[in-house]
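One structure below.
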Amino acid sequence: MDLFTPIQLGPYTLPNRIVMAPLTRNRAGARNVPGRLNALYYAQRASAGLIISEASQVSPQGLGYPGTPGIYSPEQLEGWKLVTDAVHQQGGRIFLQLWHVGRISHPDLQPEGALPVAPSALAPQGEAATYEGMKPFVTPRALETDEIPDIIEQYRKGAENALAAGFDGVEIHGANGYLLDQFLRDGTNQRTDVYGGSIENRARLLLEVTEAVVGVWGNARVGVRLSPSGTFNSMSDSDPKATFGYVIEQLNRFDLAYLHLREPDAADIRHGGAPLPSSYFRPIYTGTLMVNTDYTLETGNKAIAAGHADLVAYGILFIANPDLPERFRLGVPLNQPDPSTFYGGGEKGYIDYPTLKERQA
Ligand code: 8OZ
């Protein structure tokens, strides 16, 4: 078995196990509406076994950066239909990533200049990306217990909108220090209600959101992404083995399309993150496991051959190589990515990376 062994994912037969990771690119149009440029970018990458869309906020409150697409307004749904149609025309499959940033926002980005919301009133270190450049993070407002049903409803509605926009499934963004991750870990969750304190309580929101989203899509077209060792966005937990061990064991009962785990990276280790690779959680999770972060052709093939993973998601490599599966298959050199065009901008560094065929032409 290797990256080119087909795999059944819910109702879909994926021709390979090479997944395009969710990648924030900040190129949605006005009012956070995706459009033709985004459709072309995703269609160029449709040979991936599966595409996971860039993180897409489920509500105006869920916004944390300029230019990220939403999945709440009718206009955004129309924009996404261009994307899903273009990917399907090229024979691909695309899941939408459901996102709420929680405290990783700023009043400049919030409706009526409101404070960002979070499990607890604890500010992240560093700066928020606003329309006027970087500004220090503010202390967020802790959500009241009676506001939680509305948060769950935002995700449920986002899931419903993704279905209407022609996606093939959804991934719940439970990673990288955004709202659901803020609830999971005790560095950001100091609540004393049923959504804080014990691990069971901290995991409650993610599990209730998962239940709501599965209610829309069924279990087999829903994935969940977690980053147990992640320190991005000032994240920490006093006992990540226990926290994520519990969460992952609880996710078993949904029999989801997949669980998507980020590996610890060099920055996580530098910042004191737990060095907990996906192989630590593999025996705990009973379903399909997708892994991500710094994998190569060689290490991806190895992970699958060894049974450490079922799918491997590639991010930066897919930014620079729209035909990544073909290049992997042939074992040919890859295009070099240009980090200066990762976030924001237009066509440059977005839809102009050549395929092998275009280079040879
Ligand atoms: C990089 C820049 C902004 C957002 C994530 C959605 O880390 C993101 C993100 C990444 O999950």
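Residue numbering for the sequence shown follows the working numbering, starting at -17 and increasing by one per position.
All residues carry an ideal CB built from backbone N, CA and C; glycine is no exception.
If you're wondering where the values come from, they're calculated on a predicted model, not measured in any experiment.
Confirm the yes/no value for this check: CB of Tyr160, any heavy atom of the ligand 8OZ, distance under 8 Å.
Within the sequence shown, residue 160 is the residue found at index 178, counting from 1. Yes.
Give a yes or no on contact between the segment 68 to 85 and the segment 130 to 143, applying the rule of three or more CB pairs nearer than 8 Å.
The segment 68 to 85 vs the segment 130 to 143: in contact.
Return yes when the Cβ of Asp247 is within less than 9 Å of the Cβ of Asp276, no when it is not.
Residue numbering aside, residue 276 sits at position 294 when the sequence shown is read from its first letter. Residue numbering aside, residue 247 sits at position 265 when the sequence shown is read from its first letter. Yes, the pair counts as a contact, with Cβ atoms nearer than the cut-off.
In whole angstroms, give me the CA-to-CA distance for Pro118 and Leu306.
To locate residue 118, count along the sequence shown from 1; it is residue 136. To locate residue 306, count along the sequence shown from 1; it is residue 324. Each residue's alpha carbon lies about 38 Å from the other.
Closest by CA to Gln164, which one among Thr323, Ile266, Pro101, Leu316?
On the sequence shown, residue 164 is found 182 positions in, with the first residue counted as 1. Out of Thr323, Ile266, Pro101, Leu316, Pro101 has the C-alpha closest to the C-alpha of Gln164.
Ends of the beta strand (DSSP E) at Lys339?
Residue 339 sits at position 357 when you count from the first residue of the sequence shown. Where Lys339 is concerned, there is no enclosing beta strand (DSSP E), although the alpha helix (DSSP H) it sits in stretches over 338 to 342.
Tell me the rounded alpha-carbon separation between Pro(-7) and Gly52.
Your numbering for residue -7 matches position 11 in the sequence shown. Your numbering for residue 52 matches position 70 in the sequence shown. If I take the Cα positions, the gap works out to 26 Å.
The ligand 8OZ and Leu300: does the residue's C-beta get closer than 8 Å to at least one heavy atom of that ligand?
As a first step, residue 300 must be located in the sequence shown, where it is residue number 318. Going by the sequence as given, residue 300 is Phe instead of Leu. No - the ligand 8OZ has no heavy atom lying nearer than 8 Å to the Cβ of Phe300.
So, helix, strand or coil for His70, using DSSP?
Position 88 of the sequence shown, counting from 1, holds the residue named residue 70. Three-state DSSP puts His70 in a helix.
Helix, strand or coil: which one does DSSP assign to Lys139?
Here residue 139 corresponds to residue number 157 of the sequence shown, with the count starting at 1. Lys139: helix per DSSP, three-state reduction.
For Met217 versus Leu241, is the C-beta spacing smaller than 9 Å?
Residue 217 sits at position 235 when you count from the first residue of the sequence shown. Residue 241 sits at position 259 when you count from the first residue of the sequence shown. Not closer than 9 Å, so no.
Mapping DSSP to helix, strand and coil, what is Phe214?
To locate residue 214, count along the sequence shown from 1; it is residue 232. It is coil, neither helix nor strand.
Roughly how many angstroms lie between the CA atoms of Val195 and Val204, to the nearest whole one?
By one-based count along the sequence shown, residue 195 stands at place 213. By one-based count along the sequence shown, residue 204 stands at place 222. The straight-line gap from Cα to Cα measures roughly 8 Å.
Label Ser322 either buried or exposed according to how many other C-beta atoms from any shown protein chain fall within 10 Å of its C-beta, with 16 as the threshold for buried.
Here residue 322 is taken as the residue at index 340 of the sequence shown, counted from 1. Classification of Ser322: exposed, given that the 10 Å Cβ count is below 16.
Below 8 Å on the Cβ atoms is my contact criterion, and I expect Gly255 with Gly212 to pass it. Report the Cβ-Cβ distance as a whole number of Å.
Indexing the sequence shown from 1 puts residue 255 at position 273. Indexing the sequence shown from 1 puts residue 212 at position 230. Indeed they touch by this definition, with Cβ atoms about 6 Å apart.
Since Asp77 is in the alpha helix (DSSP H), which residue starts that stretch and which ends it?
The count along the sequence shown starts at 1 and reaches residue 77 at position 95. Per the sequence shown, residue 77 should be read as Phe rather than Asp. Careful: Phe77 lies outside any alpha helix (DSSP H), inside the beta strand (DSSP E) at 76 to 81.
Mapping the DSSP letters down to three states, classify Ile266 as helix, strand or coil.
As a working mapping, residue 266 is identified with position 284 in the sequence shown. Here Ile266 sits in coil by DSSP.
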